[in-house]
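Written below as structure tokens is the structure these notes are about.
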Amino acid sequence: SQQGEEDPQALSIQEGENATMNCSYKTSINNLQWYRQNSGRGLVHLILIRSNEREKHSGRLRVTLDTSKKSSSLLITASRAADTASYFCVSTGGGNKLTFGTGTQLKVEL
Amino acid sequence: EAGVAQSPRYKIIEKRQSVAFWCNPISGHATLYWYQQILGQGPKLLIQFQNNGVVDDSQLPKDRFSAERLKGVDSTLKIQPAKLEDSAVYLCASSLGRDLNTIYFGEGSWLTVV
Chain A
-13 SQQGEEDPQA LSIQEGENAT MNCSYKTSIN NLQWYRQNSG RGLVHLILIR SNEREKHSGR
47 LRVTLDTSKK SSSLLITASR AADTASYFCV STGGGNKLTF GTGTQLKVEL
Chain B
62 EAGVAQSPRY KIIEKRQSVA FWCNPISGHA TLYWYQQILG QGPKLLIQFQ NNGVVDDSQL
122 PKDRFSAERL KGVDSTLKIQ PAKLEDSAVY LCASSLGRDL NTIYFGEGSW LTVV
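Taken in order, these protein sequences are the chains called A and B.
So that you can map any letter, position 10 of the first sequence is -4 in our numbering, and since no number is skipped, the others follow by simple counting.
The number in our numbering is simply the position in the second sequence, starting from 1, with 61 added.
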């Protein structure tokens, strides 16, 4: 069953603004990954953060991980219309078992 | 590097009919997953394979769903008989199978049951 929860469920911002999405999980993890899903498409891997890391950057993406609070956040800076998509956090536990969050629908308006 | 291949991309069937989806993972990937994603929700794991063995099928409705990965490479997911609530996207994913490896997803197979 899904164990992750994300908030907000939906987020609407103007192009150029920053978007922050949060994710919580329930069990211990080996790593946490963020994926993007455009409407009608598959999931695209964005970034992976290991359980012993606290922050990671990739281009306009910044991910933080707080294992004591079992939470993670994804920050997209200087958003673009093309960033409009659903974003999922996926926690990986033992045995490479994946657990998806509920997803945040991001809409970036021109 | 070729990605995860899935077919068919789209399928419309009537309830009580059967359907099969095929997945070819990235070459060398030991772990293969099938997920069901209902519109507006996150993906739900149906079954996870490690090579040709089943690691987790606890959420697979075994009365109507079946999956196999006979040679540890490609996999088939079958639904028989289909119900209206099976309308969803069926996503296949694969990884090398080690804990820190990225999981790669296919484009999905869209099923509509009418």
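All C-beta atoms in this analysis are idealised placements derived from N, C-alpha and C, irrespective of residue type, glycine included.
These numbers come from a predicted model, not from an experiment.
{"Asked": "C-beta neighbour in chain B for residue 45 of chain A, strict 8 Å", "Found": "no"}
{"Asked": "CB contact below 8 Å: residue -6 of chain A versus chain B", "Found": "no"}
{"Asked": "Neighbourhood of residue -12 of chain A by C-beta, 6 Å cutoff - its chain only, sequence neighbours within 5 removed", "Found": "Reliability fails at residue -12 of chain A, whose pLDDT of 44 lies under 50, so the model's placement of it is uncertain and the value that follows must be treated cautiously. The answer, listed in chain order, is 86."}
{"Asked": "Residues of the region 8 to 32 of chain A whose Cβ lies closer than 9 Å to any Cβ of chain B, in chain order", "Found": "16, 17, 19, 21, 23, 26, 27, 28, 29, 30 and 31"}
{"Asked": "Residues of its chain near residue 147 of chain B, where Cβ-Cβ distance is below 7 Å and the 5 sequence neighbours each way are ignored", "Found": "140, 172 and 174"}
{"Asked": "Assigned secondary structure, residue 114 of chain B (DSSP; H/G/I helix, E/B strand, else coil)", "Found": "strand"}
{"Asked": "C-beta neighbour in chain A for residue 94 of chain B, strict 8 Å", "Found": "yes"}
{"Asked": "Residue 114 of chain B at chain A interface by Cβ criterion, 8 Å", "Found": "no"}
{"Asked": "Residue-level contact to chain A via CB, residue 146 of chain B, 8 Å cutoff", "Found": "no"}
{"Asked": "Touching by the beta-carbon criterion (3+ pairs, under 8 Å), the region -8 to 9 of chain A and the region 76 to 90 of chain B", "Found": "no"}
{"Asked": "Boundaries (first-last residue) of the beta strand (DSSP E) holding residue 63 of chain B", "Found": "No beta strand (DSSP E) contains residue 63 of chain B, which DSSP labels as neither H nor E."}
{"Asked": "Between the CA atoms of residue 118 of chain B and residue 84 of chain A - distance to the nearest angstrom", "Found": "13 Å"}
{"Asked": "Coil, strand or helix - residue -9 of chain A by DSSP", "Found": "strand"}
{"Asked": "Beta-carbon gap between residue 10 of chain A and residue 57 of chain A smaller than 8 Å", "Found": "yes"}
{"Asked": "Reference residue 151 of chain B; option with closest CA among B:167, B:122, B:143 and B:142", "Found": "B:167"}
{"Asked": "Cutoff 8 Å: residue 83 of chain A Cβ touching any chain B Cβ", "Found": "yes"}
{"Asked": "Nearest residue (CA-CA) to residue 158 of chain B, options B:63, B:70, B:77 and B:93", "Found": "B:93"}
{"Asked": "Interface partners of residue 88 of chain A on chain B, CB under 8 Å", "Found": "102 and 103"}
{"Asked": "Separation of residue 156 of chain B from residue 115 of chain B, as counted between CA atoms", "Found": "15 Å"}
{"Asked": "Straight-line Cα distance separating residue 78 of chain A from residue 40 of chain A", "Found": "16 Å"}
{"Asked": "Proximity to residue 128 of chain B [Cα-Cα], best of B:142, B:64 and B:110", "Found": "B:110"}
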